[in-house]
Amino acid sequence: MERVRVKVCGITNREDARLAVRLGADALGFIFTESPRRIDVPTARRIIRQLPPFVVTVGVFKDQTLSEVIETMNYVGLSYAQLHGSESPEYARRLGRRAIKVFSINGTKTREEIERYNLNTIMLDMPKGSVGTILEYADVARQFVGPSHLILAGGLTPENVGEVILRIRPFAVDVASGVESYPGKKSVAKLERFIRAVREVEHALRATR
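Numbering (the numbering used here), first residue to last: 4 to 212.
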């Protein structure tokens, strides 16, 4: 299988950004909407300007105006906009390949919404819960794997991410609270274990080909 990308979301400080990159994260997420992990625009810009080349940066937005999103992306230096609100298909299309639309898993309605947006990259947000619940929703997510780049988020931890990848084979996984010491502060140990779990399952899958 192809390499599974890891996005570490909810970055609030330079130390966590550097930690995530050092441990092998492919992308960092910065939240510009209501959240315990919200970051202000100037701080995000300072952090991103100090990152090494080729690190993908994603801004998380929810129902902000398109002009505000574009202005923030350009000023901060963001690679993508992750849309968590009720943004329309036209809104997302105007961002082009820089748009990542988030969908909550809720059966047929989710499939219809994905088809209506017709984007290159989508994120499926799985409800938080027990490992069993996450894996149940991971199986639901399988039906949406197709030409789009599929990112899985919601409830992922070092303990369950490996099995979720085995079941779904996503393009990327997104983690925030699952690797934190407390909201807004990443745990070195948890982040190490999360990324190690992703790489170990990749290695196992390649060995079986």
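Glycine included, each C-beta is placed from N, C-alpha and C at the ideal position.
Given a cut-off of 8 Å on the beta-carbon distance, is the pair Ile14 and Ile50 in contact? yes
Do Val167 and Leu127 have their beta-carbon atoms positioned less than 8 Å apart in this structure? no
How about the region 186 to 197 and the region 15 to 34: do they share at least three Cβ pairs that are nearer than 8 Å? yes
Taking the alpha helix (DSSP H) that Met3 falls in, what are its first and last residues? No answer is possible for residue 3: the residues shown for the chain start at 4 and end at 212.
If we call anything under 8 Å between Cβ atoms a contact, is Val63 one with Gly88? no
Taking the straight line between their C-alpha atoms, what separation do you get for Pro92 and Val24? 32 Å
Which residues in the same chain as Val79 place their Cβ atom closer than 8 Å to its Cβ, once the five residues preceding and following it in sequence are excluded? Phe33, Val44, Ala47, Arg48, Ile51, Thr60 and Gly62
If you drop the 5 nearest sequence neighbours on each side, which residues of the same chain put their C-beta closer than 7 Å to that of Tyr132? It is Gly, not Tyr, that sits at residue 132 in the sequence shown. Contacts found: Gly158.
Expressed to the nearest angstrom, what Euclidean distance is found between the alpha-carbon atoms of Ala28 and Glu116? 29 Å
8 Å Cβ cutoff met for Phe174 and Arg8: yes
Suppose you measure from the CA of Ala102 to the CA of Ala179; what does that come to, to the nearest Å? 20 Å
Drop a sphere of 10 angstroms on the beta-carbon of Ala210, count the other beta-carbons inside from all chains shown, and report buried for 16 or more, exposed for fewer. exposed
Going by DSSP in three states, Ala102 sits in which element: helix, strand or coil? strand
Just to confirm before moving on: does the CB-CB distance between His152 and Asn123 stay below 8 Å? yes
Would you kindly check if the distance between the Cβ of Leu155 and the Cβ of Val11 is under 8 Å? no
Environment of Thr113 [buried if 16+ CB atoms lie within 10 Å]: buried
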